[in-house]
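> Supplied in structure tokens, the structure appears directly below.
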Amino acid sequence: MKIATMREAIARYVHDGDTIAIEGFTAFICFAAAHEIIRQGRRDLILCRMTPDLIYDQMIAAGCARKLVFSYLGNPGVGPLHCIRRAVEKGIPRPLEIEEYSHFGMVARYMSGAARLPFFPLRSYMGTDQPKVNPRIQFVDSPYGNGQVAVVPPLNPDVTIIHAQRADASGNTQMWGLLGVQKEAAFAARQVIVVVEEIVDEDIIRSDPNRTVIPGLIVDAVVHQPYGAHPSYAQGYYDRDNRFYLEWDQISREEATTLAWLDEWVYGVDDWSGYLAKLEKREPGIWKRLAPGEAWSQPVNYGVYG
Amino acid sequence: MKIATMREAIARYVHDGDTIAIEGFTAFICFAAAHEIIRQGRRDLILCRMTPDLIYDQMIAAGCARKLVFSYLGNPGVGPLHCIRRAVEKGIPRPLEIEEYSHFGMVARYMSGAARLPFFPLRSYMGTDQPKVNPRIQFVDSPYGNGQVAVVPPLNPDVTIIHAQRADASGNTQMWGLLGVQKEAAFAARQVIVVVEEIVDEDIIRSDPNRTVIPGLIVDAVVHQPYGAHPSYAQGYYDRDNRFYLEWDQISREEATTLAWLDEWVYGVDDWSGYLAKLEKREPGIWKRLAPGEAWSQPVNYGVYG
Amino acid sequence: MTNYTPSEIMITSSARALAGERVVFVGVGLPNIACNLAQRTVAPDLELVYESGVFGARPARLPLSIGDPTLISRATLACPMPDLFMYYLQGGRIEVAFLGVAQIDRFGNINTTVIGDYQRPKVRLPGSGGACEIAIHAKKVFIITHLARRTFVEQLHFCTSPGHLSGQPGERAAWDMPGTGPQLVVTDKAIFHFDQETGEMVLFSIHPGVTVEEVQAEVSWPLKIAAELQITEPPTDEELRIIREELDPGGMYL
Amino acid sequence: MTNYTPSEIMITSSARALAGERVVFVGVGLPNIACNLAQRTVAPDLELVYESGVFGARPARLPLSIGDPTLISRATLACPMPDLFMYYLQGGRIEVAFLGVAQIDRFGNINTTVIGDYQRPKVRLPGSGGACEIAIHAKKVFIITHLARRTFVEQLHFCTSPGHLSGQPGERAAWDMPGTGPQLVVTDKAIFHFDQETGEMVLFSIHPGVTVEEVQAEVSWPLKIAAELQITEPPTDEELRIIREELDPGGMYL
Chain A
1 MKIATMREAI
11 ARYVHDGDTI
21 AIEGFTAFIC
31 FAAAHEIIRQ
41 GRRDLILCRM
51 TPDLIYDQMI
61 AAGCARKLVF
71 SYLGNPGVGP
81 LHCIRRAVEK
91 GIPRPLEIEE
101 YSHFGMVARY
111 MSGAARLPFF
121 PLRSYMGTDQ
131 PKVNPRIQFV
141 DSPYGNGQVA
151 VVPPLNPDVT
161 IIHAQRADAS
171 GNTQMWGLLG
181 VQKEAAFAAR
191 QVIVVVEEIV
201 DEDIIRSDPN
211 RTVIPGLIVD
221 AVVHQPYGAH
231 PSYAQGYYDR
241 DNRFYLEWDQ
251 ISREEATTLA
261 WLDEWVYGVD
271 DWSGYLAKLE
281 KREPGIWKRL
291 APGEAWSQPV
301 NYGVYG
Chain B
1 MKIATMREAI
11 ARYVHDGDTI
21 AIEGFTAFIC
31 FAAAHEIIRQ
41 GRRDLILCRM
51 TPDLIYDQMI
61 AAGCARKLVF
71 SYLGNPGVGP
81 LHCIRRAVEK
91 GIPRPLEIEE
101 YSHFGMVARY
111 MSGAARLPFF
121 PLRSYMGTDQ
131 PKVNPRIQFV
141 DSPYGNGQVA
151 VVPPLNPDVT
161 IIHAQRADAS
171 GNTQMWGLLG
181 VQKEAAFAAR
191 QVIVVVEEIV
201 DEDIIRSDPN
211 RTVIPGLIVD
221 AVVHQPYGAH
231 PSYAQGYYDR
241 DNRFYLEWDQ
251 ISREEATTLA
261 WLDEWVYGVD
271 DWSGYLAKLE
281 KREPGIWKRL
291 APGEAWSQPV
301 NYGVYG
Chain C
1 MTNYTPSEIM
11 ITSSARALAG
21 ERVVFVGVGL
31 PNIACNLAQR
41 TVAPDLELVY
51 ESGVFGARPA
61 RLPLSIGDPT
71 LISRATLACP
81 MPDLFMYYLQ
91 GGRIEVAFLG
101 VAQIDRFGNI
111 NTTVIGDYQR
121 PKVRLPGSGG
131 ACEIAIHAKK
141 VFIITHLARR
151 TFVEQLHFCT
161 SPGHLSGQPG
171 ERAAWDMPGT
181 GPQLVVTDKA
191 IFHFDQETGE
201 MVLFSIHPGV
211 TVEEVQAEVS
221 WPLKIAAELQ
231 ITEPPTDEEL
241 RIIREELDPG
251 GMYL
Chain D
1 MTNYTPSEIM
11 ITSSARALAG
21 ERVVFVGVGL
31 PNIACNLAQR
41 TVAPDLELVY
51 ESGVFGARPA
61 RLPLSIGDPT
71 LISRATLACP
81 MPDLFMYYLQ
91 GGRIEVAFLG
101 VAQIDRFGNI
111 NTTVIGDYQR
121 PKVRLPGSGG
131 ACEIAIHAKK
141 VFIITHLARR
151 TFVEQLHFCT
161 SPGHLSGQPG
171 ERAAWDMPGT
181 GPQLVVTDKA
191 IFHFDQETGE
201 MVLFSIHPGV
211 TVEEVQAEVS
221 WPLKIAAELQ
231 ITEPPTDEEL
241 RIIREELDPG
251 GMYL
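Chains as they are written, first to last, in this note's numbering: chain A, 1 to 306; chain B, 1 to 306; chain C, 1 to 254; chain D, 1 to 254.
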């Protein structure tokens, strides 16, 4: 049985020192998983994400990580990630090793890992200082005499955690909206945890096989966690809580206010239900504020053959 | 205006000597385009497809091609492709140069072409005779000391022709079912012709942006040609005409019967409407025989935000 | 039960070899029926993956090709070709795959490309398709073919897909091939395994009523024979019932 | 019309530079508004591509980030990241892209990584994101930034994204960079082009009321000035109406 609580899934699959990818480009960022990792006190993680976003800012502030592998360090549309800056610039709460790529470089690392290739080629980095500070960025000559190309090595997380709208009990997972690099990050991983807004009957999945992004085949645990991406979002289920992204810019400016926030919102609750209860208490209309209207896809006919 | 008749699209974009890819793995094989190319008497084409299938068997029998680039030469589930065998083994109707890969090799060539990479790596061909007869298959050492990898060069067709269920007038194209390598073949091409069962309002496309496989951006012509993939199929629209695949095994065994078939079914009609009219005359119930039942996808909510 | 066809004992022998397997890469024809039989008997959790990019198929009819539309409707996942080859096959997710052959040598190397000279072929065969990658990446390869001297040859006319190469231990690993190569050859007369040390094909069992001499007559090299040569267990009544009533009621492949 | 903000003249100047362009890679903030303005004025066929993988967006509100859900609903296409970087950007489908900068040198090379030493940074900036690939592959690059001496520097602390490199003709081509590099820098005080021969930034126009001296004061190197220095055409009433009433009625960016 793959269905697990978040507590069980994190306890079983995420260990100190592991390489972890919690992916999702602006959308589908699984804060519920991050908070549970913080609560369980994991240490020395190598955190991988194209955009560390608030999720890794919080995990790094909580002291979970020894290293960050990334391509864009910012609070999108707002400003810097203060906790990660503190770690990089001042070693607070502990020094943070960084390994840095461009977006395409990170995408290529996941693809290389997912495809079991020794490297993945991309036309990037030429003439820049990026390879000078990251010796993993190399160049290879084409055997066809048509140029040189940058390459990056595979990235194979111990665990990849993906948030999505729905999965069946076997972990066949469907997503719509921004698909980011989740499929590649999942296939690259040794273990995969899928966190979903809804667990649906297999028949729903089977009604649209092209919509299935992650096959149950590679999924180790399925966690049912509605609103598990807040303050990020799940397309069609709830909006991004832009207010919180702005608020975090204030909260995270000082170490003390950051730790106070973690105490209250992460350590101070038992689980994601506790977090949601606090959110709703603070702002009773929150889910109404974040509820999108309806815009349904036109169904397509796969046909019955036989 | 991108909407064109098949005659216009082929006349405008397909020229003698061009490199052409009409892709589609078992499904969505655009015989309507092939017949029009035969009728317009194109010569010296370089034909690229993973599975040449009956479509290239017919084009090669008609003398359109000087070269075939492929990975699997067969009438799927039936037997050999007799016309291509005659061309390769006996030079009938003219000698045919071949350039041969594995399936993954062809996929990788399209990906390389679509991604403007000088090569694409794959772990294949080791220990086989394939690189000995195709010098384009090369090997590259990984700079990370983690092995050697085969590489193939980019394939960039002059024209790629794709059949799909629906597109809007700008060429934004949606498909469901077997997606094959069509996206890659289209992005690799200098020009793209999309042939569809239905031209739909842009709103239908916009109701499900993740379903759009080919953006109008890269499409040069949109041809509305219902049943344009017969005897191949369009998922949810009509079934594969397996009877014809079996029949072709007989028709194509001799050059004379093949040419008689081409005379009657290709040269003997003005266009695809003529072909369809003949089909329906021969077998009045054909579309009923090939009509699938209904199996609709469950719609998903993208949400209204704003 | 003695009333079965050669195809039926090939199917049941293949199905039983799938006991405990989890993910199989399947072609149409006999392998398709064998995998479906295994799902209903020895490997209820077996996941069928089609080379066309389909998972968890629930075909409402017997498919003629691996791209049949009946494989897609109500499948759990249908993916484009790059995903299939990069993330599933090369990604190491396939445990067993079935391959057919035109020629096979004693080390399980396979020719599906050409009879005669490549440039001036006597018979032009289909070529690799996905076979070369399957032979390299699937954890195990099972081969189904009819036993015939022109198939079981001393020297391939062309090596399309690698088996155990020259039989040297570690040779596949030296080429960075993740899979273990061919493990099983099922024919209409006998079943072969491969020696773990030498990579050479070994006669493992003969079907009821077949003699070792008959098998050797259809193999071009002097056959190694297992110390404890078996007689293949014939199809059971229940296996035959499933094949005949559920999987191929039209007798398309039998 | 003289009653406009610095942001507004940056937006209108950028929008006008998009005349006749077909495909633009757009970020949020000023470039987003500029592109939307261009669509409504000089480039009705302009296709907006977001780095998050969205085409033909019809946002029902002004997005805070390039991953805002309002960009996806009713877009014509939403694709995964590998497609975006491999087939759209590296594939050569993007004609113009906007980039921001923390530091820029006279050749349009860009730093968005770090102020100070990389290993012991004074200020850790966001890094590349997609900027490095955009700078290499987009046919043209437009830069929008405020004019300031700490931004327009003699020597970058770190080169994140290549411009015209050392200014040697053919240097980008020698590195196999398909795009032509930076073509335009729009600031709150002036607009810069790049010399086709030397790759060096050239003051092309100053905004109304700004002097050349004021511009030079904010640039760390001795500025080249165009032979026919222009005064930037201020925003028209219609442009301002579109910006204020349609594109940013909340005044979020102005």
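Glycine is no exception: its CB is placed at the ideal position from the N, C-alpha and C atoms. Small disclaimer: the values here were computed from a predicted structure and weren't measured.
Name the residues in the segment 128–140 of chain D whose C-beta lies less than 8 Å from a C-beta of chain A; which are they?
Here the close residues are 128, 129, 130, 131, 132, 133, 136, 137.
> Kindly confirm or deny that the segment 7–17 of chain D and the segment 210–230 of chain D touch, where touching means at least three C-beta pairs closer than 8 Å.
These segments do not touch.
> Could you give the distance in angstroms between the alpha-carbon of residue 121/C and the alpha-carbon of residue 303/A?
When rounded, the distance between both Cα atoms is 42 Å.
> Under 9 Å between C-beta atoms, does residue 88/D make it to chain A?
Cβ-Cβ to chain A under 9 Å: no for residue 88/D.
> Just to confirm my understanding: we take residue 188/C, look at its own chain, exclude 5 residues before and 5 after, and list those with CB closer than 7 Å. What are they?
Correct list, in chain order: 6, 10, 146, 147.
> Look at residue 141/C and residue 98/C and say whether their C-beta atoms are less than 9 Å apart.
Taking 9 Å as the Cβ cut-off, residue 141/C and residue 98/C qualify as a contacting pair.
> Do you know offhand how far residue 232/B's Cα is from residue 65/C's?
Approximately 11 Å between the Cα atoms of the pair.
> Is the CB of residue 117/A under 9 Å away from at least one CB in chain B?
Yes, contact with chain B.
> Step through the CB atoms of chain C and report whether any lies within less than 9 Å of the CB of residue 1/A.
Not one chain C Cβ lies under 9 Å of residue 1/A.
> Closest to residue 94/A by CA distance: which of 61/A, 123/A, 115/A is it?
Of 61/A, 123/A, 115/A, the residue nearest in Cα terms is 61/A.
> For residue 167/D and residue 198/D, what's the separation of their Cα atoms in angstroms?
Each residue's alpha carbon lies about 5 Å from the other.
> To be precise: take each residue of the segment 235–249 of chain D, compare its Cβ to all Cβ atoms of chain A, and keep it if any distance is under 7 Å. Which residues remain?
Within the segment 235–249 of chain D, no residue has a Cβ that lies closer than 7 Å to any Cβ of chain A.
> Counting along the chain, where does the alpha helix (DSSP H) carrying residue 273/A start and finish?
Note, residue 273/A: alpha helix (DSSP H), 272–282.
> Our contact map puts residue 213/A next to residue 179/A with C-beta atoms below 8 Å; I'd like the distance itself, whole angstroms only.
Confirmed, Cβ separation roughly 7 Å.
> Could you please give me the residues that DSSP links to residue 79/B through a beta bridge?
Per DSSP, 75/B.
> Can you tell which of 256/B, 145/B, 154/B has its C-alpha closest to the C-alpha of residue 143/A?
Of 256/B, 145/B, 154/B, the residue nearest in Cα terms is 154/B.
> Using the beta-carbon of each residue, which ones in chain A are nearer than 7 Å to residue 162/D?
Per Cβ cutoff of 7 Å: 126, 127, 128.
> Please report the straight-line C-alpha distance between residue 92/C and residue 173/A, rounded to a whole angstrom.
The straight-line gap from Cα to Cα measures roughly 20 Å.
> What residues are listed by DSSP as bridge partners for residue 100/A?
70/A, per the DSSP bridge assignment.
> Could you tell me how far apart the beta carbons of residue 189/A and residue 156/A are, in whole angstroms, since I believe they sit closer than 8 Å?
So it is a contact: roughly 7 Å between Cβ atoms.
> Would residue 300/B be called buried (16 or more neighbouring beta carbons within 10 Å of its own) or exposed?
Counting Cβ neighbours within 10 Å, residue 300/B comes out buried, since at least 16 surround it.
> Which residues of chain D have a Cβ atom closer than 8 Å to the Cβ of residue 245/B, listed in chain order?
Going along chain D, no residue has its Cβ under 8 Å from residue 245/B, so there is no contact; the nearest lies around 32 Å.
> When the distance is taken between beta carbons, is residue 101/A closer than 9 Å to residue 161/D?
Going by C-beta atoms, residue 161/D is not nearer than 9 Å to residue 101/A.
> Short of 7 Å Cβ to Cβ, which residues in the segment 283–294 of chain A face chain B?
If the cut-off is 7 Å between Cβ atoms, the segment 283–294 of chain A has 292, 293, 294 near chain B.
> Just reading off the alpha helix (DSSP H) that residue 32/A is part of, what are its end residues?
Taken as a continuous stretch (DSSP letters only), the alpha helix (DSSP H) holding residue 32/A covers 31–39.
> What does the alpha-carbon distance come out to for the pair residue 36/A and residue 251/C?
C-alpha separation (whole angstroms): 56 Å.
> On the three-state DSSP scale, how would you describe residue 158/D?
Residue 158/D: coil per DSSP, three-state reduction.
> Between the Cα of residue 171/D and the Cα atoms of 205/D, 157/D, 136/D, which residue gives the shortest distance?
Closest by alpha carbon: 136/D.
> Within its chain, find whatever has a CB closer than 6 Å to the CB of residue 115/D; leave out the 5 residues flanking it on each side and keep chain order.
Same-chain partners within the cutoff: 122, 123, 157.
> Would you say residue 66/D lies against chain B (beta-carbon separation less than 9 Å)?
False, the Cβ-Cβ gap to chain B never drops below 9 Å.
> Rank 241/A, 259/A, 230/A, 27/A by C-alpha distance to the C-alpha of residue 72/D and give the top, closest one.
The shortest C-alpha separation from residue 72/D is found at 27/A.
> Assess contact between the segment 1–18 of chain B and the segment 29–44 of chain B, defined as three or more Cβ pairs (one per stretch) separated by less than 8 Å. Is contact present?
At 8 Å Cβ cutoff, the stretches touch.
> In the structure shown, what three-state DSSP assignment does residue 251/A receive?
Residue 251/A: helix per DSSP, three-state reduction.
> So is residue 59/D buried or exposed if we call it buried at 16+ other beta carbons inside 10 Å?
Residue 59/D should be labelled buried.
> Closer than 7 Å, Cβ to any Cβ of chain B: which residues of the segment 162–190 of chain C, in chain order?
Within the segment 162–190 of chain C, the residues whose Cβ lies closer than 7 Å to some Cβ of chain B are 162, 165, 175, 176, 177, listed in chain order.
> So residue 194/A and residue 229/A are supposed to be a Cβ contact under 8 Å. How far apart are they, rounded?
The pair is not a contact, with the Cβ atoms about 13 Å apart (cut-off 8 Å).
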